[in-house]
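Chains as they are written, first to last, in the numbering used here: chain A, 148 to 536; chain B, 1040 to 1177.
Glycine included, every Cβ here is placed at the ideal spot set by N, Cα and C.
Below: the structure, in C-alpha cells.
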Amino acid sequence: MGLRGSTAIIGAYDTKVGKIPDRSATALCVEAALGAIADAGLKLSDVDGLVTCNSMAQPYMYHAEAVAEYLGIRPRYCATAAAGGGATFTVLYQAALAIDAGICDTVVIAMADSLRSGLSREAAMIMQSSTGHAQYETPYGATVPGYYALIAQAYLHAYGAKPEHFASVAVSGRQHACLNPTAEMQKPINIEDVLASRLIADPLRLLDCSLVSDGGAAVVLTRADRASHQPHKPVYLLGAGEGRGHEHISQVASLIHSSAAQSGERAYAMARLKPADIDFAQVYDCFTPVVLIEMEDLGFCGNGEAGDFFLRGDGGPGGRLPINTHGGLLSHSHPGNPGSMFALTESVQQLRGGQGARQVKDANVGLVHAQGGILSSHCTVILGTEVAL
Amino acid sequence: MTLAKPLPPVDAQSRPYWEACNQGRLTLQRCDGCGHVQHYRRIVCTHCGTDKLTDVDASGAGTVRSFTVIRRAVSSAFDANVPYVVALIELAEGPTVMSNLIESPLEAIHIGAPVQLMFERRSEDINVPQFKLREGKS
Ligand SMILES: [Zn+2]
C-alpha cells in the first residue's frame, strides 16, 4: 500500500520563541518533546522512537541519545539530524519509513536551539557561515546572507525582477505573523519599510533576512491505525520527496532553479496530488528570494512570476494560496536547525482547524517544503486530513 | 580581539592546487578520458567517473556569474574590508569559482562583466586566487 496515509501526526507542540535565556538548548528540546507527547494524549513510555537535530549552542556527539537519556527513555529507533532546513523533513520521512517497516510505532521528532541566548552574535555568524566550503569559499568572507545574495542577484538579473518582489514576501509573512500571537514579530510592515531597512548583502536588506531566535518544537508521528483514538484529529502523511543538487553554492548548476522541482514532483506523485490541490503551503523562507524560486520550482507559479504572486497578496492571509501561515522564518522565528519544525507544527494546527483569525478556510491538504545548505538539499512533505486520504 | 582571515585547511588532494596558487597559477583538472574540466581538485571525474585527471593552468579570464556586496562582515577578520564583494566567477574554461572582486569600483560590477585573475597573499604558503574587473571593458 506504500507510505501514503500509513502514518499520522497526532501530537504537536511549540516552545516560546524569541529570547529565552532561562532554558538551555537541551531543555528546550526536552520541553518540546514532552509537550508534543502530552498533546498526543500519550505517556513517555508510549514512545519507542526519538529523532532530534544537533544544537549549535549545546552540541552533543550523539544528540538524540543524550536527549533520550535526559528523558529517561530507551527508544528502539533513535537518530540525530546533523543539519536543519530540509533535513528536518528528511528525518520525518525516514521516521515514517521506519514506522511503516515495523521498526517502531511512535516517534517523537523534537528540535530546539538557542542561537540568540546560547551563542555570541559573532560565534553564531561564523558557525552558520561554516556551511561554505572551507577551502574554496570560506576564505572569501561570505556570510550566510551573502551566499543567498548571490542567488538573489541572479534572480533579479534573469527575470528583470525588482527588490519590491523580494519585499512582498517579507510583507506577506508579517501579515500572517500579526494574526499569530506566538510569532516573534507582531508589528505590521509594508514594502517601503523593507526597502528602507539597511543593506546586509546586496540586494538583500535586513527585512529580507530571517530572524535569529531561541526556541524549539516537536511532533509525534505514529502508525495510522493507532492514530484515531487520540485527543486531536490525525494529520496524515500523504507524500514526501527529496531532491539534491550541489552542497556548496560555487558548485551550483542553476542559480535560479533548485532541486525543489524534483522533491516536489516526488512528493506530489506519492500523494497522488498536484499543486492545484494544495490548500496552504509553508515554504522555507530563510531569505525572501528563496521563497520565489521554491514557489516556481514547486509548480505554484510560472518562472519569474512568484514575485507578482506575493505583490498581489495571493500568498497572504485569505489569499489564493496562503504561504507560511505562522509567519515563517522571517517573522515567526528562526532558531537555526529547528527552524522548519514550526512550519510542520503550524501545518498540523491548520489541518486540525480552529486556528482563529489565521485559520485557512477548508484546509484539508497542506504542503511543507524546506531546503538546507545554500539552496542545496530539498525535502517536500504533503500532509492531509482524513478527507484527503 | 580581531580574528585572522581564514586559511584553507589544505589536504592531500588539494595540496597541488594550493602549491600552484603559491606560484601564481590557478589550476583546474581536465579528464584524460572525456575532456571534462572541473574545479575543485578531486580523485574522480564528475562527468565520466574515471580517475585519470591532469592539472591544467586556467587562463585567468572569466566573467561575473553573480555577486554581492557584503555590508556586515562575517567576523572581525573582515571588518576592515567592509564593504567587500563576494562573487561567483565563471571561468573561460567552464567551471565556476568563488572569489572576491578586489580593486574594482562597486558601481561598475555587474553580471556578465569580464574579470581577470590575481592573487592575495595570506601567509607564506597560502596565496588566495582573487579577481578584479578587466580594465577598459564593462
Ligand atoms: Zn571524465
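So what does residue i bridge to, in DSSP terms?
{"i": "A/Phe447", "result": "None; A/Phe447 has no bridge partner."}
{"i": "A/Gly363", "result": "A/Ala259"}
{"i": "B/Phe1158", "result": "B/Pro1168"}
{"i": "B/Val1095", "result": "B/Leu1067"}
{"i": "B/Ala1115", "result": "With the sequence shown as reference, residue 1115 of chain B is identified as Ser, and Ala is not the correct amino acid for it. According to DSSP, which records beta bridges pairwise, B/Ser1115 is partnered with nothing at all."}
{"i": "A/Val164", "result": "Per DSSP, none; premise fails for A/Val164."}
{"i": "B/Pro1153", "result": "B/Thr1102"}
{"i": "A/Ile220", "result": "Note: A/Ile220 sits in no beta bridge, so no partner."}
{"i": "A/Leu227", "result": "Here residue 227 of chain A is Thr; the residue named in the question, Leu, does not match the sequence. Note: A/Thr227 sits in a beta bridge opposite A/Thr199."}
{"i": "A/Arg370", "result": "A/Thr154"}
Please confirm whether any heavy atom of ligand 3 lies closer than 7 Å to the CB of residue i.
{"i": "A/His304", "result": "As far as ligands go, the structure on display features ligand 1 and does not contain ligand 3."}
What span of residues does the beta strand (DSSP E) with residue i cover, start to end?
{"i": "A/Cys176", "result": "Looking at the DSSP string, A/Cys176 is not in any beta strand (DSSP E); the run it does join, the alpha helix (DSSP H), is 172-186."}
{"i": "B/Cys1060", "result": "Element bounds for B/Cys1060: not the beta strand (DSSP E) but the alpha helix (DSSP H), 1054-1061."}
{"i": "A/Gln518", "result": "512-519"}
{"i": "A/Met488", "result": "Element bounds for A/Met488: not the beta strand (DSSP E) but the alpha helix (DSSP H), 488-499."}
{"i": "B/Ile1109", "result": "1100-1109"}
{"i": "A/Arg345", "result": "It is not in any beta strand (DSSP E) - A/Arg345 carries neither H nor E in the DSSP assignment."}
{"i": "A/Ala428", "result": "427-430"}
{"i": "A/Ile529", "result": "524-531"}
{"i": "A/Ala387", "result": "382-391"}
Do you know whose CA, among the options, lies nearest residue i's CA?
{"i": "A/Ser524", "options": "A/Gly232, A/Tyr302, A/Ser277, A/Thr227", "result": "A/Gly232"}
{"i": "A/Gln300", "options": "B/Arg1104, B/Gln1155, B/Ile1141", "result": "B/Arg1104"}
{"i": "A/Leu385", "options": "A/Ser406, A/Gln205, A/His395, A/Arg413", "result": "A/Arg413"}
{"i": "A/Pro485", "options": "A/Thr527, A/Phe434, A/Gly500, A/Gly519", "result": "A/Gly519"}
{"i": "B/Asn1139", "options": "B/Ala1051, B/Pro1122, B/Thr1089", "result": "B/Pro1122"}
{"i": "B/Asp1071", "options": "B/Ser1162, B/Ala1131, B/Thr1085", "result": "B/Thr1085"}
{"i": "A/Ser357", "options": "A/Asn337, A/Tyr431, A/Gln409", "result": "A/Tyr431"}
{"i": "A/Glu212", "options": "A/Thr227, A/Gln205, A/Ala204", "result": "A/Thr227"}
{"i": "A/Leu191", "options": "A/Leu175, A/Leu218, A/Ala179", "result": "A/Leu218"}
{"i": "B/Arg988", "options": "A/Glu441, A/Lys421, A/Pro286, A/Ala270", "result": "Coverage of chain B is limited to positions 1040 through 1177, which leaves residue 988 of chain B absent and any answer about it impossible."}
{"i": "A/Ile115", "options": "A/Asp444, A/Ser360, A/Asn511, A/Glu443", "result": "Any question about residue 115 of chain A goes unanswered here, given that chain A covers just 148 to 536."}
{"i": "A/Ile396", "options": "A/Leu498, A/Glu284, A/His312, A/Pro469", "result": "A/Glu284"}
{"i": "B/Phe1170", "options": "B/Ser1143, B/Arg1111, B/Cys1087", "result": "B/Ser1143"}
{"i": "A/Val534", "options": "A/Ala248, A/Asp509, A/Ala517", "result": "A/Asp509"}
{"i": "B/Phe1206", "options": "B/Glu1174, B/Asp1164, B/Thr1135, B/Ala1059", "result": "Residue 1206 of chain B is absent from the structure shown; chain B starts at 1040 and stops at 1177."}
{"i": "A/Gly454", "options": "A/Ser277, A/Val318, A/Ala330", "result": "A/Val318"}
{"i": "A/Ile298", "options": "A/Ser401, A/Glu394, A/Thr369", "result": "A/Ser401"}
{"i": "B/Ile1082", "options": "B/Asp1164, B/Pro1153, B/Asp1050, B/Ile1150", "result": "B/Asp1050"}
{"i": "B/Lys1044", "options": "B/Ile1148, B/Glu1146, B/Phe1117, B/Cys1073", "result": "B/Phe1117"}
{"i": "B/Val1154", "options": "B/Gly1074, B/Arg1064, B/Gly1101, B/Asp1096", "result": "B/Gly1101"}
How about residue i and residue j: are their beta carbons less than 8 Å apart?
{"i": "A/Phe447", "j": "A/Val316", "result": "no"}
{"i": "A/Leu530", "j": "A/Val382", "result": "yes"}
{"i": "A/Ala155", "j": "A/Ile256", "result": "no"}
{"i": "A/Gly320", "j": "A/Gly483", "result": "no"}
{"i": "A/His323", "j": "A/Thr162", "result": "no"}
{"i": "A/Val515", "j": "A/Ala490", "result": "yes"}
{"i": "B/Asp1090", "j": "B/Pro1055", "result": "no"}
{"i": "A/Ile250", "j": "A/Tyr224", "result": "yes"}
{"i": "B/Pro1048", "j": "B/Trp1057", "result": "no"}
{"i": "A/Gly513", "j": "A/Ser494", "result": "yes"}
{"i": "A/Ile220", "j": "A/Val194", "result": "yes"}
{"i": "A/Pro168", "j": "A/Ser264", "result": "yes"}
{"i": "A/Thr253", "j": "A/Ser410", "result": "no"}
{"i": "A/Asp201", "j": "A/Ala229", "result": "One point to set straight first is that residue 201 of chain A is Asn, not Asp, in the sequence displayed. Yes."}
{"i": "A/Cys176", "j": "A/Ala259", "result": "yes"}
{"i": "A/Leu342", "j": "A/Ala314", "result": "yes"}
{"i": "B/Leu1092", "j": "B/Gln1068", "result": "yes"}
{"i": "A/Ala215", "j": "A/Asp186", "result": "no"}
{"i": "B/Val1108", "j": "A/Ala289", "result": "no"}
{"i": "A/His479", "j": "A/Asn327", "result": "yes"}
Considering just the uninterrupted stretch of the alpha helix (DSSP H) at residue i, what are its terminal residues?
{"i": "A/Gly411", "result": "407-418"}
{"i": "A/Leu303", "result": "291-306"}
{"i": "A/Ser246", "result": "Going by the sequence as given, residue 246 of chain A is Ile instead of Ser. Where A/Ile246 is concerned, the enclosing alpha helix (DSSP H) stretches over 233-247."}
{"i": "A/Ser276", "result": "268-276"}
Would residue i count as contacting chain D if we go by Cβ distances under 8 Å?
{"i": "B/Val1154", "result": "Within the model displayed, chain D is absent; protein chains A and B are what it includes."}
>> What are the residues in the segment 1097-1118 of chain B lying within 8 Å of chain A by C-beta distance?
In response: Arg1104, Ser1105, Phe1106, Thr1107, Val1108, Ile1109, Arg1110, Arg1111, Ala1112, Val1113, Ser1114, Ser1115, Ala1116, Phe1117
>> At a CB distance below 7 Å, what residues from the segment 271-290 of chain A approach chain B? Give them in sequence order.
In response: Met272, Ile273, Ser276, Ala281, Gln282, Tyr283, Glu284, Thr285, Pro286, Tyr287, Gly288, Ala289, Thr290
> Mind listing which residues of the segment 292-320 of chain A have their C-beta closer than 7 Å to chain B's C-betas, in chain order?
Replying inline: Gly293, Ala296, Leu297, Gln300, Ala301, His304
> the segment 1068-1085 of chain B: which residues have C-beta closer than 8 Å to a C-beta of chain A, in chain order?
Replying inline: His1078, Tyr1079
> Taking a cut of 7 Å between CB atoms, which residues from the segment 388-412 of chain A lie near chain B?
Replying inline: Ser397, Leu402
>> Any C-beta of chain B within less than 9 Å: which residues of the segment 336-351 of chain A qualify?
In response: Arg345, Leu346, Ile347, Ala348, Asp349, Pro350, Leu351
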